[in-house]
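Asker: Residue numbers (this note's numbering), protein chains in the order written: chain A, 185 to 658; chain B, 531 to 775; chain C, 67 to 293. Think of the CB as a built atom: it goes at the ideal place given N, C-alpha and C, for glycine as much as any other residue. Since the model is a prediction, treat every value here as computed from it, not as a measurement. One structure, pasted below without further comment.
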């Protein structure tokens, strides 16, 4: 793989608005067809898988409590985790931010003389733009999850937390993979053929790689273990074949005990892909031990803050409970229409709308992501750890309102002054019914004029209900 | 039973006939209906836009008007506004630091009911539609997922003679209204409406689209009108009232 | 290399303690449930608690594992021959587990070149022969431990994975394995413990399941019913 592959576009946010991005997405019928099919399959799968469990709602409520209990004691749990990773022979790096994490991994790569790096799927490394950092340091990086490989070759960011290439159909995937077939063969469009091609291409990269980088679904403090779930085996290969393995773990992706881990693992795959368990639940405790045939000589765990500590203890605290299953994307009626790229950064869907302003706050454009929702609540209902996403989105909107411009603030002040008093409220409605026009009432809502883009104008009644009622009472 | 009606701004301004129908069905179920004076909007537009102080200023007025009425039940012919009162008023007042209003809101929440939720508990007379019709029911989001009112509206419709309620695969999916979401991201909002309306046209062409929120119905009706789609929308109170003996 | 800790743990954790000093804000609209006396176990109706074997077999098959139910004490030579022929096995690797070793000897007898497990031999093999420490009835899962197998890649690099396992090792669910990792008498977990549920798969292209994307395209289980 050449290092001239375009780096993932990590800055879709810059210079664009949410409305522009969503508007463009809604005109892409091919995208909407791909997304529409995928989310239906995923969400039907989730419903079916959960239907086999005894009282799934109680399990989800317990999982919410588990995440709450861990996060409330996060410093102590992290302390225990790190002690045990080290006791198992692993290295630990505490990374304040993405640059810090990237620099550490680049230094590991430099120390071992790594020329090539294989990566298992890691959303945290998407967040830190690790590939760009390693490539800038002269190390070639290949994504090995099939979907991640496809979007890496296409120079794109993931459009779904667990299915990064979900926005592409088989024809688009074939066109992206075709240039990799250097022996002149022409690829077909059957997913099985394309997957077999990926196996063949990537197996050689695995065997040549010096360093494997993965994410981490859960750290388990009581034994200092890390747990990765996946279906393809690329995560296992990344943690088995190269002589050094680095796992990047968001500091919140932690539980204290195996009881807690077991509950979450049982909800994770069922909620994400609709499998009862993922194909591989890969649990790693320290590097290869004496006498073992394979496995890395070194294991490094990079514990990443990158803005998370600002969220801890705040009104958006519960966003840290996320276990990245993607269920909220699959049920979100907004995601269903616009896909993941419209959210502008690494995470998409309802959880992306929450995380982006929190973790990509350096982009001014991130703050409006809280508006990418109708607050329909389907997300919380699907979430295996019952994150009240609609409340978090409302919190974000309040934060944004606190920074609102004078005009917007004044408009709401005028609205509440009028509608907050019965006499002026009634006068406002009276004016609308008399004039059969909304200008005086809804003209006050910022942006309300855009209603008529694609819809007819609602006309007020000739008399309000209250007038009719009062008249009848008299 | 005495039921105090929270009219909602949408019904008051755009759909007074829904208010009339609501009163008619409540009376048929044996309620003595009053309309507390001094009520305004529930404050939801500002709350959902992040302007909690402005939302509280409006909500406080309605809270006072409703709390002053000692009716056994406050009834709301809109799932979204009923949710605002029951679920979000306590939070709203906590957020702005008005603990007294929050406590008052909690007390009010206990006797607040969405219309179909209340009707399902009343001794309704036998209902029959004047002419046979097929209807598809739109579950509005807050009513379904916050209030968990799911069966009642469907059961009420099913009990009406002459009405055939059709299954609708997208019946529980958001219509794309979302308050000012509809104006902030209009293209996405209408795409959501099209998705929903498209499945209805495919699965039950000719069915009347029935819902329990005037706002959702307005979103779908005005989008359909804009596209020349002849679909008819009705508030569930109207459908039930028209079937009264 | 001796384990190293870099970055500033104290500063990192102090910052978190500071952030949590005033506790976590309560959610009024959607309150948190009560504290847990115990963490509940996920119980699935795909488990028939009085017939672990039947549950394992049917759930493994649903996960696209080929399960051979064997009534004798060893894998029949005919099955070995069948696997050799169906998968065109010329070279195999084997773990250090006794059940895997016994089957390996049978493969050797049928002309297959069987090597001890290393990365190089596994990368070159047509078949990986292993046993498993447990099997999970609820999900049709095999549990592989480096403590028992001496390595990881026999179930990973070859295109076909054969696991020979006595039926007595079938337990109800993941809880029977994972929760024990934390018990005080369990000792340190193995360097690698992997729960394998079916062959490698990907749905990354149009959610159409393609098998054998990186790991084995076929997983076969020889289930020894009498042990």
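Using 7 Å as the limit for Cβ to Cβ distance, is residue 540 of chain B near chain A?
Answerer: Chain A contact via Cβ: absent.
Asker: List the DSSP bridge partners of residue 278 of chain A.
Answerer: DSSP lists A:487 as partners of residue 278 of chain A.
Asker: Just the Cα atoms here: how many angstroms apart are residue 464 of chain A and residue 539 of chain B?
Answerer: Rounded to the nearest angstrom, the two C-alpha atoms are 54 Å apart.
Asker: With respect to the beta strand (DSSP E) encompassing residue 240 of chain A, which residues constitute its N-terminal and C-terminal limits?
Answerer: Segment 240–256 is the alpha helix (DSSP H) holding residue 240 of chain A; no beta strand (DSSP E) there.
Asker: On the three-pair Cβ rule with 8 Å, is the segment 250–258 of chain A touching the segment 480–489 of chain A?
Answerer: No, they do not touch.
Asker: Quick check: the Cα distance between residue 711 of chain B and residue 295 of chain A, rounded to an integer number of angstroms?
Answerer: Distance between the alpha carbons of residue 711 of chain B and residue 295 of chain A: 52 Å.
Asker: Would you report the Cα separation of residue 615 of chain B and residue 505 of chain A, rounded to the nearest angstrom?
Answerer: Approximately 28 Å, taken between the alpha carbons.
Asker: Let me check understanding here. Comparing Cα to Cα, which of A:556, A:525 and A:284 lies closest to residue 209 of chain A?
Answerer: Ranking A:556, A:525 and A:284 by Cα distance to residue 209 of chain A puts A:525 first.
Asker: Can you tell me whether residue 493 of chain A is buried or exposed, with buried defined as 16 or more other CB within 10 angstroms of its CB?
Answerer: By the neighbour-count rule (16 or more Cβ atoms within 10 Å), residue 493 of chain A is buried.
Asker: Checking the sheet assignment: what are the DSSP bridge partners for residue 556 of chain B?
Answerer: Residue 556 of chain B pairs with nothing; no bridge assigned.
Asker: Along the chain, where does the alpha helix (DSSP H) that runs through residue 227 of chain C open and close?
Answerer: Note, residue 227 of chain C: premise wrong, no alpha helix (DSSP H); beta strand (DSSP E) at 226–232.
Asker: For residue 551 of chain B, collect the residues of the same chain with a Cβ closer than 6 Å to its Cβ; drop the 5 residues on either side in sequence, then sort them by chain order.
Answerer: Within the same chain, residue 551 of chain B has close Cβ partners 767, 768 and 771.
Asker: For the alpha helix (DSSP H) that residue 430 of chain A lies in, which residues bound it at each end?
Answerer: Per DSSP, residue 430 of chain A belongs to no alpha helix (DSSP H); it is in the beta strand (DSSP E), 428–434.
Asker: Can you tell me where the beta strand (DSSP E) with residue 229 of chain A in it begins and where it stops?
Answerer: No beta strand (DSSP E) holds residue 229 of chain A; the alpha helix (DSSP H) holding it covers 213–235.
Asker: Contact defined as beta carbons within less than 8 Å: I believe residue 309 of chain A pairs with residue 368 of chain A. What is the distance between those atoms, to the nearest angstrom?
Answerer: That belief does not hold up - the Cβ atoms of residue 309 of chain A and residue 368 of chain A are roughly 34 Å apart, past 8 Å.
Asker: DSSP three-state label for residue 197 of chain C, please.
Answerer: In this structure, residue 197 of chain C counts as coil in the three-state DSSP scheme.
Asker: Counting only Cβ-Cβ distances shorter than 7 Å, please list the residues of the segment 615–635 of chain B near chain D, keeping chain order.
Answerer: Within the model displayed, chain D is absent; protein chains A, B and C are what it includes.
Asker: Just grab the DSSP bridge partners of residue 663 of chain B for me.
Answerer: Beta-bridge pairing links residue 663 of chain B to B:693.
Asker: Check the Cβ of residue 784 of chain B against every Cβ in chain A and list those closer than 7 Å, keeping chain order.
Answerer: Here chain B covers residues 531 to 775 and nothing more, so residue 784 of chain B does not appear.
Asker: Count the other C-beta atoms from every protein chain shown that fall within 10 angstroms of the C-beta of residue 546 of chain A, then say buried if there are 16 or more, exposed otherwise.
Answerer: With fewer than 16 Cβ atoms within 10 Å of its Cβ, residue 546 of chain A is classed as exposed.
Asker: Residue 473 of chain A and residue 221 of chain C look like a contact to me (Cβ under 8 Å); what is the Cβ gap, rounded to whole Å?
Answerer: That pair is no contact at about 18 Å.
Asker: Distance check for residue 279 of chain A and residue 593 of chain A, CA to CA, integer angstroms please.
Answerer: Their Cα atoms are separated by approximately 39 Å.
Asker: Residues in its own chain within less than 6 Å of residue 261 of chain C by CB, not counting five upstream and five downstream?
Answerer: So the qualifying residues of the chain are 207 and 209.
Asker: Rounded to whole angstroms, how far is the Cβ of residue 141 of chain C from the Cβ of residue 172 of chain C, which I believe are closer than 8 Å?
Answerer: Between residue 172 of chain C and residue 141 of chain C the Cβ distance is about 6 Å, and since that is below 8 Å, they are a contact.
Asker: At 8 Å on the CB atoms, spell out the chain C contacts of residue 263 of chain A, in chain order.
Answerer: Near residue 263 of chain A (Cβ distances below 8 Å), the residues of chain C are 75 and 79.
Asker: Cα separation between residue 312 of chain A and residue 163 of chain C?
Answerer: Cα to Cα, residue 312 of chain A sits roughly 42 Å from residue 163 of chain C.
Asker: Of all the residues that make up the segment 203–223 of chain A, which are near chain B by a beta-carbon distance shorter than 7 Å?
Answerer: If the cut-off is 7 Å between Cβ atoms, the segment 203–223 of chain A has 203, 206, 207 and 210 near chain B.
Asker: Taking the straight line between their C-alpha atoms, what separation do you get for residue 672 of chain B and residue 376 of chain A?
Answerer: Using only the alpha carbons, I get a separation of about 42 Å.
Asker: Between the Cα of residue 240 of chain C and the Cα atoms of A:610, A:443 and A:359, which residue gives the shortest distance?
Answerer: Checked all of A:610, A:443 and A:359; the closest Cα to residue 240 of chain C is A:443.
Asker: Considering residue 584 of chain A, what are the terminal residues of the alpha helix (DSSP H) in which it resides?
Answerer: Per DSSP, residue 584 of chain A belongs to the alpha helix (DSSP H) from 573–586.
Asker: Tell me whether residue 96 of chain C sits in a helix, a strand or coil according to DSSP, three-state version.
Answerer: Three-state result, residue 96 of chain C: coil.
Asker: According to the Cβ coordinates, are residue 385 of chain A and residue 364 of chain A closer than 7 Å?
Answerer: Cβ atoms of residue 385 of chain A and residue 364 of chain A: closer than 7 Å.
Asker: Residues of chain C with CB closer than 7 Å to the CB of residue 493 of chain A, please, in chain order.
Answerer: Ordered by position in chain C, the residues that pass the 7 Å Cβ test against residue 493 of chain A are 81, 82 and 85.
Asker: Check whether chain C comes within 7 Å of residue 575 of chain A, counting only Cβ atoms and requiring the distance to be less than that.
Answerer: Yes, contact with chain C.
Asker: What residues from chain B crowd round residue 640 of chain A, counting only those whose CB sits closer than 7 Å?
Answerer: Ordered by position in chain B, the residues that pass the 7 Å Cβ test against residue 640 of chain A are 752, 755 and 756.
Asker: Residues in the same chain with beta-carbon distance under 8 Å from residue 620 of chain A, minus the five sequence neighbours each way, listed in chain order, please.
Answerer: If we look at residue 620 of chain A and ignore the five residues flanking it on each side, its Cβ neighbours are 643, 644 and 646.
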